Amino acid sequence: MTTAPKPPASNDPTTIGHGPPTPSASDIPLAVLEKVNVGYESTVALQDVTLEVCQGEFIGIVGPSGSGKTTLLRALLGQVRRFSGHLDLFPRPGRDEVRVGYVPQVDMVDWNFPITVEQVVMLGRWREIGWRPWSSRRDKQLMHELLDRLSIGHLAKRHIRKLSGGQQQRTFLARALIGDPDLLLLDEPTSGVDIKTRHEVMHLLGELNRAGTTIIMTTHDLNAVATHLPRLICVGEGQVVADGSPQDILTPEVLRRTYGAEMLVMRRGRAIYVVEHLGDASEAVGAEVELFLETSSGAAVDHAEAGGDGS
Ligand code: ADP
Ligand code: MG
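Under the working numbering, residues -19 to 291 are what the sequence shown spells out, in order.
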């Protein structure tokens, strides 16, 4: 009897991403949520969520604090109570489950917990290490390669409390990546880091996505992050308000329903800029409009949409 040739090993997490490069998002579903109601104890925090996530997508979730962004990530992780609805995850060929990597919001972490960078990262290799009380040479080699790739190799033995925000972010990114995830969920990865780190994090996520990893991240950063992503989900008061490309969905109406505040949306070609609408009193808004129109590159139509009179 002959055995079929094995597919090439693709679980080397130091190669950022996995499998062949995916030029763009596919239409192969990875996660499907249908009329999902989730929450905590007896409270529904997020209701009636219906959406499909396809392999290779890069999605941003935006909305005010308390709107349900983290709950949506945790629903995909299966870490919140599901009251009703269906949630299905579809593994890619050759895997019997969808591997989900999670990078928590930095202020949700107990920084006093006595643990070093390398110990945090090794926790992400629980599938391979299982209940064996030690990590193998291979585990350690992978970890070091990954830490070097994320430029924190020299910090392996450092306590996580003694790291900068960007280094903490990378440590948890390394923990997620060492499990070779199909789906990477990040909770506010650009909050609490400086601009350079934000650029580096977004660059790295772009690279991972181009290599095939599906990414969903929450962000408060509308202009610097969200408007640059291919797909956005706006969450307001526990409901999905809009879902689509920033060009299609970022309107004053959607932003009002998401944030409960008046916003001004400026467009120049495909570039979008959102500012708080402060009414006639705002010279600052005028200055921002000028700056945006001067600095954004691109096309023909320049216009600002105002959110009406706020009623
Ligand atoms: P966001 O991430 O958009 O700030 P969350 O998803 O954290 O919002 O919270 C959505 C709602 O769920 C809020 O009303 C919040 O108070 C509530 N909530 C979040 N975590 C818990 C929890 N562990 N127990 C009870 N309620 C929670
Ligand atoms: Mg949150």
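Every residue gets a Cβ at the ideal spot worked out from N, C-alpha and C, and that includes glycine. Note that the structure is a prediction, hence the values are computed from the model and not measured.
- [ ] Per DSSP, which residues does E256 bridge with? Please list them.
- [x] Numbered from its first residue, the sequence shown carries residue 256 at position 276. Answer by DSSP bridge pairing, in chain order: M243.
Open item on the list: Any heavy atom of the ligand ADP inside 8 Å of the beta-carbon of T23?
Closed with: Looking up residue 23 in the sequence shown gives position 43. Because some heavy atom of the ligand ADP lies under 8 Å away, the Cβ of T23 counts as near it: yes.
- [ ] Name, in chain order, the residues that DSSP records as bridge partners for L135.
- [x] Along the sequence shown, read from residue 1 onward, the residue named residue 135 stands at position 155. Under DSSP, L135 takes part in no beta bridge, so it has no partner.
Task: CA-to-CA distance, G46 to M197, given in whole angstroms - done: Looking up residue 197 in the sequence shown gives position 217. Looking up residue 46 in the sequence shown gives position 66. Our two residues, M197 and G46, have alpha carbons roughly 16 Å apart in a direct line.
TODO: Could you tell me the boundaries of the alpha helix (DSSP H) in which M88 lies?
DONE: Counting from 1 along the sequence shown, the entry for residue 88 is found at position 108. Counting along the chain, no alpha helix (DSSP H) covers M88, and no H or E run does either.
TODO: Could you pull the start and end residues of the alpha helix (DSSP H) that H183 belongs to?
DONE: Reading the sequence shown from its first residue, position 203 is the one you call residue 183. Unbroken alpha helix (DSSP H) run through H183: I175 to R190.
Task: Same chain only: Cβ atoms within 8 Å of G145, ignoring 5 sequence neighbours per side - done: In the sequence shown, the residue the question calls residue 145 occupies position 165. Same-chain partners within the cutoff: V86, G172, V173, D174 and T177.
Open item on the list: If you follow the beta strand (DSSP E) that V317 is in, where does it begin and where does it stop?
Closed with: Residue coverage of the chain in this structure runs from -19 to 291, which leaves residue 317 outside it and unanswerable.
Task: Residue from A154, K15, F152 and P226 whose Cα sits closest to the Cα of H208 - done: As a first step, residue 208 is located in the sequence shown; it is residue number 228 there, counting from the start. Scanning A154, K15, F152 and P226 for the CA closest to the CA of H208 turns up P226.
TODO: Measure the C-alpha to C-alpha separation of T(-5) and R138 and round it to an integer number of angstroms.
DONE: Walking along the sequence shown from the start, residue -5 turns up at place 15. Walking along the sequence shown from the start, residue 138 turns up at place 158. Since pLDDT at T(-5) reaches only 30, below the 50 mark, its modelled position is unreliable, and no value is offered.
Task: CB of T193 within 9 Å of CB of L163, strictly - done: Along the sequence shown, read from residue 1 onward, the residue named residue 193 stands at position 213. Along the sequence shown, read from residue 1 onward, the residue named residue 163 stands at position 183. Remark: C-beta atoms of T193 and L163 approach each other more closely than 9 Å.
Open item on the list: Any heavy atom of the ligand ADP closer than 8 Å to the beta-carbon of V215?
Closed with: Here residue 215 refers to the residue found at position 235 when the sequence shown is read from its first residue. Result yes, Cβ under 8 Å from the ligand ADP.
Open item on the list: Please report the straight-line C-alpha distance between I95 and S115, rounded to a whole angstrom.
Closed with: Here residue 95 is taken as the residue at index 115 of the sequence shown, counted from 1. Here residue 115 is taken as the residue at index 135 of the sequence shown, counted from 1. Straight-line Cα distance between these residues: approximately 16 Å.
Task: Buried or exposed by the 16-neighbour rule on C-beta atoms within 10 Å, applied to L258 - done: Start at 1 with the first residue of the sequence shown, and residue 258 comes out as number 278. Exposed, because fewer than 16 other Cβ atoms sit within 10 Å of the Cβ of L258.
Open item on the list: Can you tell me which residues form a DSSP beta bridge with Q121?
Closed with: Position 141 of the sequence shown, counted from the start, is the residue given in the question as residue 121. None; Q121 has no bridge partner.
Task: For V60, three-class secondary structure by DSSP - done: Stepping through the sequence shown from its first residue, residue 60 is reached at position 80. For V60, the secondary structure class from DSSP, reduced to helix, strand or coil, is coil.
Open item on the list: Residues in the same chain with beta-carbon distance under 8 Å from E21, minus the five sequence neighbours each way, listed in chain order, please.
Closed with: For this step, residue 21 is matched to residue 41 along the sequence shown. Correct list, in chain order: R61.
Open item on the list: So, with DSSP's three-state summary, where would you put F38?
Closed with: Here residue 38 refers to the residue found at position 58 when the sequence shown is read from its first residue. For F38, the secondary structure class from DSSP, reduced to helix, strand or coil, is strand.
Open item on the list: Looking at the ligand MG, does it come within less than 8 Å of T170, judged from the CB to the closest heavy atom?
Closed with: Taking the first residue of the sequence shown as position 1, residue 170 is located at position 190. Not a single heavy atom of the ligand MG lies less than 8 Å from the C-beta of T170.
- [ ] Confirm, please, whether the CB-CB distance from M123 to A154 is below 9 Å.
- [x] The residue labelled residue 154 in the question sits at position 174 within the sequence shown. The residue labelled residue 123 in the question sits at position 143 within the sequence shown. Cβ distance < 9 Å, so A154 and M123 count as in contact.
- [ ] Using the DSSP secondary-structure output, state which residues sit across from D76 in a beta bridge.
- [x] Walking along the sequence shown from the start, residue 76 turns up at place 96. Here D76 is not bridged, per DSSP, to any residue.
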